[in-house]
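Heads up: the sequence shown runs through residues 1 to 301, numbered per UniProt numbering.
One structure is given below, encoded as structure tokens.
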Amino acid sequence: MCARKLRPEEADIDASLVRRLVDAQFPEWAGLPLTEVISAGTSNAMYRLGEDMAVRLPRLAGSAQDVDKEHRWLPLLATALPFAIPTPLGKGTPGEGYPWPWSVYRWLDGANPAPGPISEPALLAMDLAEFVTVLRRVDAAGGPASYRSEPLAERDEVTRSAIHELRAELDGDAATAVWESALRAQGWSGPAVWIHADLQPGNVLVADGRLSAVIDFGCLGLGDPAVDLIAAWYLLPAGAREVFRTGSGADDDAWARGRGWALSIALLELQYYRESNPVMASIARHVIAELLTDGSASAAV
């Protein structure tokens, strides 16, 4: 059975295709058990290979462009970061009717956290703060721009359009107030730094309430460190956000920009996936609700 398509332009991917690709290009792994990993992810299909590997195939041409970036930069970042990240073990080439490069990674244990209450919120907040702080300090020489490297103001039109389209599902006036508060914040004036740029439940793994790994670096690149503050609303309950803010060193302007990024991303995810991907839509609704509650006081400033 093919992996469920979210868009008609996605490649046809199933276990039979993955088996043929692996056997033809990595014969040393031929015959290892292969199991589809069920995920709400929208950019890649993933299959577990044996006990300690994962095969990851881009669903779209745009996602395929990330393969070379990840194979170049993830090994470098892995030596500097305090938490596990995907380790490339092999890079596959187009074949068997599949049109793009693909990857084999080391399998990482852990579970995606569910939005809402978590067992160790303050400890997870400290872990996330440590991750983003160390990441932004890694040497940025030669690094590519992040997928989310534009100034926040450049998202104004699409964000307001999403608010208008989703007024039946949310308080449009409250969302607009939070968005305009973010736009009033002073922009980032420092050099671009490494950011993950997509720290949400499907892209982190936890074990015993603590961060065990950060995965899916498709948005990786250089940009405003405030983008990674979206973790405060995507991954943490309200009571742990101040721990994360303090640990990440975010000032008022950075925090406001991070809130704006989280709102814009969640709005566009809900707008796009509310019919096709219930898990992504549910996460987006949760984030928006948290932002409108958490951001109400700041939006009034």
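All residues carry an ideal CB built from backbone N, CA and C; glycine is no exception.
Does the ligand COA have a heavy atom nearer than 7 Å to the CB of residue i?
{"i": "glycine 249", "result": "Of ligands this structure carries none, so the ligand COA is not represented either."}
Tell me where the beta strand (DSSP E) around residue i begins and ends.
{"i": "arginine 259", "result": "Here arginine 259 belongs to no beta strand (DSSP E); instead the alpha helix (DSSP H) covers 252-273."}
{"i": "alanine 207", "result": "204-207"}
{"i": "leucine 104", "result": "With the sequence shown as reference, residue 104 is identified as valine, and leucine is not the correct amino acid for it. Counting along the chain, the beta strand (DSSP E) containing valine 104 begins and ends at 102-106."}
{"i": "tyrosine 47", "result": "44-49"}
{"i": "serine 212", "result": "210-214"}
When the Cα of residue i is compared with those of the options, which residue comes out closest?
{"i": "aspartate 52", "options": "Pro88, Gly258 and Ser149", "result": "Pro88"}
{"i": "valine 227", "options": "Val193, Leu205, Val206 and Asp216", "result": "Val193"}
{"i": "methionine 126", "options": "Leu199, Val243 and Thr159", "result": "Val243"}
{"i": "tryptophan 102", "options": "Gln25, Leu220 and Phe83", "result": "Gln25"}
{"i": "leucine 200", "options": "Gly116, Leu170 and Ala141", "result": "According to the sequence shown, residue 200 is glutamine rather than leucine. Taking only the C-alpha atoms, the option nearest glutamine 200 is Gly116."}
{"i": "leucine 108", "options": "Arg245, Val37 and Ala197", "result": "Val37"}
{"i": "isoleucine 118", "options": "Trp233, Arg285, Tyr273 and Gln271", "result": "Trp233"}
{"i": "alanine 61", "options": "His71, Ser43 and Pro75", "result": "Ser43"}
According to DSSP, simplified to helix, strand and coil, what is residue i?
{"i": "methionine 1", "result": "Any reading at methionine 1 needs caution, since the residue's pLDDT is 48, under 50, leaving its predicted position unreliable; the model's value is listed next. Methionine 1: coil per DSSP, three-state reduction."}
{"i": "isoleucine 195", "result": "strand"}
{"i": "glycine 190", "result": "coil"}
{"i": "aspartate 14", "result": "strand"}
{"i": "aspartate 294", "result": "helix"}
{"i": "tyrosine 234", "result": "helix"}
{"i": "leucine 222", "result": "strand"}
{"i": "leucine 166", "result": "coil"}
{"i": "alanine 145", "result": "strand"}
The alpha helix (DSSP H) spanning residue i covers which residue range?
{"i": "valine 55", "result": "It is not in any alpha helix (DSSP H) - valine 55 instead sits in the beta strand (DSSP E) that spans 53-58."}
{"i": "glycine 110", "result": "Per DSSP, glycine 110 belongs to no alpha helix (DSSP H) and is neither H nor E."}
{"i": "glutamate 36", "result": "Element bounds for glutamate 36: not the alpha helix (DSSP H) but the beta strand (DSSP E), 34-36."}
Do residue j and residue i have their beta-carbon atoms positioned less than 8 Å apart in this structure?
{"i": "arginine 106", "j": "proline 86", "result": "yes"}
{"i": "leucine 77", "j": "alanine 240", "result": "no"}
{"i": "alanine 153", "j": "leucine 183", "result": "yes"}
{"i": "alanine 284", "j": "leucine 270", "result": "yes"}
So is residue i buried or exposed if we call it buried at 16+ other beta carbons inside 10 Å?
{"i": "alanine 168", "result": "exposed"}
{"i": "proline 82", "result": "exposed"}
{"i": "valine 158", "result": "exposed"}
{"i": "alanine 281", "result": "buried"}
{"i": "proline 113", "result": "buried"}
{"i": "aspartate 12", "result": "exposed"}
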